[in-house]
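What follows is a short report on a single structure.
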Amino acid sequence: MNRTRLLSVAVLSCALVLGGCAQILDAAIDRAAERTGEKIGDAVGERVGDAIVRSYSPLFLSWYTTYLFGMAFGAGAYQIGEGYEPGEWTRWELAGEPGPKGRSWMERAFLARLDDGKEWWRVKFFDGDSGDTVTIEALFSPGREQLLRMRMQLPGEEPEEVPVEEGTYVPPRELTEESLEGAKVGAESVTVPAGTFDAIHYRFGTPGRGTWEWWVADGVPGRVVRYKETGARDREAPEGAEGLDEDWTLELAGYGDGAKSELGVLD
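At position 49 of the sequence shown the residue is numbered 287 (the working numbering), and the sequence of numbers has no breaks.
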């Protein structure tokens, strides 16, 4: 995978995770990712070099965008219970063998809630294969109903504004309490890089789309300490996507408070 193309899709993934899009069980996620990819992906492609749309088929782009999108927001944007307080942050590592530059990770931070109720969030994505980091800071309307502004920084570049259009963000839709109760596997002790937690294990699945699992514990922002996705085995990847693992796990590697803007959005 070309590094530029990976970063382009990572930008999309991180931008979407900021909003807490909670509907991973709905096929609308695929459509939302594809629509947003067409808008943001084009702008990013022009910024970093060769346009990804000219290099890969729409089928590949949709598949790979959804792949990284799911990896990003599955780590914690699907909130079960309490969310984040201003200044709180979490970081998740991709479990398994690290890349040449270390383990890939994603960091999410709630930077500030403004007097008018708008919220600034940050997502950082580190690629363990290339060693590159993408940073996104985004402003949302009160209640995170609408994405209003986005600023990003690519490796070796100065921060830049990314165009935000109507319809590039899908607000969260929550599962019912009854659905969550039905998905509860039970209480478990879970050890992740950030420590050992007494967690509640939830598991969902849909025909042809695999399973999604969360381990949720008190005492950490967002409460998610582990997320695992198992892909549907009868789902074939399009040309160009061979070798991307459909089974992966993200584990909480760190958390805390005191998060500040890195791109100057609150100066």
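Positions of the beta carbon are idealized from the N, C-alpha and C atoms, including for glycine.
Report the residue from T444, W452, A347 whose alpha carbon sits nearest the alpha carbon of D436.
If you compare the alpha carbons of T444, W452, A347 with that of D436, the shortest gap goes to W452.
Which same chain residues, not among the five before or five after R351, have their C-beta less than 6 angstroms away from its C-beta?
Excluding residues within five positions, the ones whose Cβ falls inside 6 angstroms are P324, E357.
Is it true that the CB of L501 sits closer than 8 angstroms to the CB of A432?
Contact check for A432 against L501 fails: the beta carbons are separated by 8 angstroms or more.
Can you give the beta carbon distance from E396 to M390, rounded, assuming they're within the 8 angstroms contact cut?
Wrong, their Cβ atoms sit about 10 angstroms apart, outside the cutoff.
Work out the CA separation of Y440 and T449 for me, nearest whole Å.
Approximately 10 angstroms, taken between the alpha carbons.
Boundaries of the beta strand (DSSP E) in which A455 is found, first to last residue
Careful: A455 lies outside any beta strand (DSSP E) and carries neither H nor E.
Tell whether a beta-carbon distance below 8 angstroms holds between P393 and D370.
Closer than 8 angstroms, so yes.
How close, in whole Å, do the beta carbons of K362 and M388 come, if the pair is a contact with beta carbons under 8 angstroms?
The Cβ separation is near 14 angstroms, so there is no contact.
Segment limits, beta strand (DSSP E) that includes S417
That residue, S417, is in no beta strand (DSSP E); its alpha helix (DSSP H) goes 415–421.
Given a threshold of 16 other Cβ atoms within 10 Å of its Cβ, counted over all protein chains shown, does E416 qualify as buried or as exposed?
Counting of Cβ neighbours within 10 angstroms places E416 among the exposed residues, the total staying below 16.
For T429, which option in V463, G457, K422, P380 has the closest C-alpha, if you only look at C-alpha atoms?
Checking every option, the nearest Cα to that of T429 belongs to V463.
Three-state secondary structure (DSSP) at R382?
Here R382 carries a helix assignment [DSSP, helix/strand/coil].
Can you tell me whether DSSP reads E404 as helix, strand or coil?
The answer is coil: DSSP assigns E404 none of H, G, I, E or B.
Just checking my contact of V458 with T328 at CB under 8 angstroms: how many whole Å lie between their CB atoms?
Confirmed, Cβ separation roughly 7 angstroms.
Within a Cβ cutoff of 7 angstroms, which residues of the same chain sit near I438, ignoring the five residues on either side of it in sequence?
Result list for I438: K422, A425, V454, in chain order.
With H, G and I counted as helix, E and B as strand and the rest as coil, what does DSSP make of A376?
In the structure shown, A376 sits in a strand (DSSP, three-state: E or B).
DSSP three-state assignment for V503, whether helix, strand or coil
Annotated three-state conformation of V503 is coil, per DSSP.
Proximity winner among D354, Q384, E326, relative to R346 (alpha-carbon distances):
Looking at the Cα atoms, E326 is the closest of the given residues.
G369 (DSSP reduced to helix, strand or coil)
Looking at G369 - three-state DSSP - the assignment turns out to be coil, as it is neither helix nor strand.
For W359 and T444, I'd like the C-alpha separation in whole angstroms.
A direct Cα-Cα distance of roughly 30 angstroms separates W359 from T444.
Top-ranked residue by Cα proximity to S368, from E383, E375, P336, L386:
The closest CA to that of S368, considering only E383, E375, P336, L386, is found on P336.
Around the Cβ of E375, are there at least 16 other Cβ atoms within 10 angstroms (buried) or fewer (exposed)?
With a 10 Å radius around the Cβ and a threshold of 16 neighbouring Cβ atoms, E375 comes out buried.
How would you write the range of the beta strand (DSSP E) that L490 sits in, first residue to last?
Here the beta strand (DSSP E) through L490 covers 485–494.
Can you name, in chain order, every residue of its own chain whose Cβ lies under 7 angstroms from the Cβ of G321, other than the five neighbours on each side?
Excluding residues within five positions, the ones whose Cβ falls inside 7 angstroms are G460.
Proximity winner among R341, L332, L349, relative to D505 (alpha-carbon distances)
Of all alpha-carbon atoms in R341, L332, L349, the one lying nearest the alpha-carbon of D505 is that of L349.
Same chain, Cβ closer than 7 angstroms to S379, neighbours up to 5 away in sequence not counted:
Answer for S379: K356, L386, listed in chain order.
Roughly how many angstroms separate the alpha carbons of G494 and E404, rounded to a whole number?
Those two C-alpha atoms are separated by around 33 angstroms.
CA-to-CA distance, D485 to D365, given in whole angstroms:
Their Cα atoms are separated by approximately 18 angstroms.
Note down, in chain order, each residue of its chain lying with its Cβ closer than 6 angstroms to the Cβ of G492, except the 5 sequence neighbours on either side.
Once the five neighbours on either side are set aside, the close Cβ partners of G492 are R329, A432.
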